[in-house]
Amino acid sequence: MQVETSPAERAAALTGANIIHEILASGVDFVVSVPDITTSEGLLRELAKMPKPRLIRVCKEDEGVGICAGLAYTGKRALLLIQQTGMLDSINAIRGVAVEYALPVCMMVGLLEKEPGVPPRQSKRYGVRIVEPILDAMGIPYHEIEEDADVGRIRPAIDEAYAGAHPVVLLIGRRPA
Amino acid sequence: MMKRDDCLKALARHVTDADIVLPVYSTAFDWIDIRPSPLNYLSHGAMGLASSHALGLALGRPDKRVIVLDGDGSLLMNLGTLVTIGEAAPPNLYHFVCENGTYEANGGHPIPGRGNVDFAGFARSAGYRAVHAFSDLKNFEQQIGALLAEPGPLFVDLKIVSSGAQERDYSRIHGPHVRKAFRDALGAG
């Protein structure tokens, strides 16, 4: 049975096409990804159909950190599309490669099990609540992408990461339609 | 078995000034003395990731040969990289593993599966275009030039023993000047 959504809920929707538009507008040449259930249908499935950016499927997220670093040296932009569990698993790579070497590793991170509309720090899920404090401790800037009104943060965040030579994390807080 | 520095000297004779080389740990300390170059990419940030950095470089600069000099312990830490490289299939990526069966830079402890693990078999089943293994220096010297002239991704398992004691000044690998030199050299050509 289809669940009825209220006008407020519809207004708060997040659209994959809008996110992809911003990814393309950011000049991203490569998307490097381990599938994430939050972004699986609205983002990764659609990106996989596109000839550009080129999709590189990796076995583990820390590989992607290295690949994005190598690409950064060549002047090619990349986006690492993963789940927060994979980001947590890759903390040492992010620490060593992206933070200590000051490289623009741009991560788009689906927040598994985050409740739509609830800020990550207020989630009932431990695995969601800890994400932003960990990024704060690591000194990594991040942006919450919860609804379409937030999508405009993507391009400036990626541009700034490359201009300032630092990593950035874009936290996807609900499944994009 | 081959001595690692003998093996690297044989390889160095076929590496050009335009090639990017990513050596890891003990191999890196041998290599930067044997063949110093600003296009030596030495800062990998976390153990096991050299071949992943190499894949990014190979995809971003298809005009250049990218040569990884991996370690067996390092490769075991990132085995999925073989599958990722096999699928991405960059024709300019050349992946060597110096197999000595130990974590040489971390006390010389044996790797898991020492002597039983078939690195060449892993690479073959992961989809590398060509896979070779060498334990004889003369054979390696005779074939390495031709192998590097073929398209990749190529995987070569080098059965080696250590070159002996090393002075390990890690600032030669992790120092910011190393990364700046690489960035400048890559940007210049």
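First to last, the sequence lines map onto chains A and B.
The opening residue of the first sequence carries number 13 in the working numbering; numbering runs sequentially from there.
The opening residue of the second sequence carries number 606 in the working numbering; numbering runs sequentially from there.
Note that beta-carbon positions come from the ideal geometry of N, C-alpha and C, so glycine has one too.
Just so you know, these numbers come straight off a predicted model, no measurement behind them.
| query | result |
| --- | --- |
| For V163 of chain A, which residues in the same chain have their Cβ closer than 7 Å to its Cβ, ignoring the five residues on either side in sequence? | N30, I31, E34, I157 |
| For L83 of chain A, would you say it is in contact with chain B, using Cβ-to-Cβ distances shorter than 8 Å as the test? | yes |
| Go through its chain and collect everything with a Cβ distance to V70 of chain A's Cβ below 8 Å, but skip five positions before and after it. | V44, S45, V46, G76, I79 |
| Considering D41 of chain A, what are the terminal residues of the alpha helix (DSSP H) in which it resides? | No alpha helix (DSSP H) contains D41 of chain A, which is instead part of the beta strand (DSSP E) from 40-45. |
| According to DSSP, is R788 of chain B helix, strand or coil? | helix |
| Here's the rule: buried if 16 or more other CB atoms are within 10 angstroms of the residue's CB, otherwise exposed. What is K764 of chain B? | buried |
| Would you mind telling me which residues of chain A sit closer than 7 Å to T686 of chain B, beta carbon to beta carbon, in chain order? | E75 |
| Indicate the three-state DSSP secondary structure (helix, strand or coil) for V117 of chain A in the structure shown. | coil |
| Against chain A, with Cβ distances strictly below 8 Å, would F701 of chain B count as a contact? | no |
| Leaving out five residues on either side along the sequence, give the residues of the same chain with a beta carbon under 7 Å from the beta carbon of V111 of chain A. | M150, G151, I152, P179 |
| Suppose contacts are defined by Cβ-Cβ distances below 8 Å. Is L810 of chain B in contact with H658 of chain B by that definition? | Nothing can be reported for residue 810 of chain B: it is not among the residues displayed for chain B, which extend from 606 to 794. |
| Strictly below 7 Å CB to CB, what residues from chain B border C80 of chain A? | G661 |
| Report all residues from its chain with a CB closer than 8 Å to the CB of Q14 of chain A; omit the five preceding and five following residues, and keep chain order. | Bear in mind that a pLDDT of 45 at Q14 of chain A, under 50, signals an unreliable position, so the model cannot answer this. |
| Would P65 of chain A be called buried (16 or more neighbouring beta carbons within 10 Å of its own) or exposed? | buried |
| Please look up how many angstroms separate the CB atoms of L759 of chain B and M607 of chain B, rounded, as I've assumed it's under 8 Å. | Actually they are not in contact, since the Cβ atoms of L759 of chain B and M607 of chain B sit about 18 Å apart, beyond 8 Å. |
| Does the distance from the CB of C612 of chain B to the CB of F745 of chain B come in under 8 Å? | yes |
| Using only the heavy atoms of the ligand FAD, determine whether one of them is closer than 7 Å to the beta carbon of E172 of chain A. | Absent from the structure shown: the ligand FAD. Ligands present: none. |
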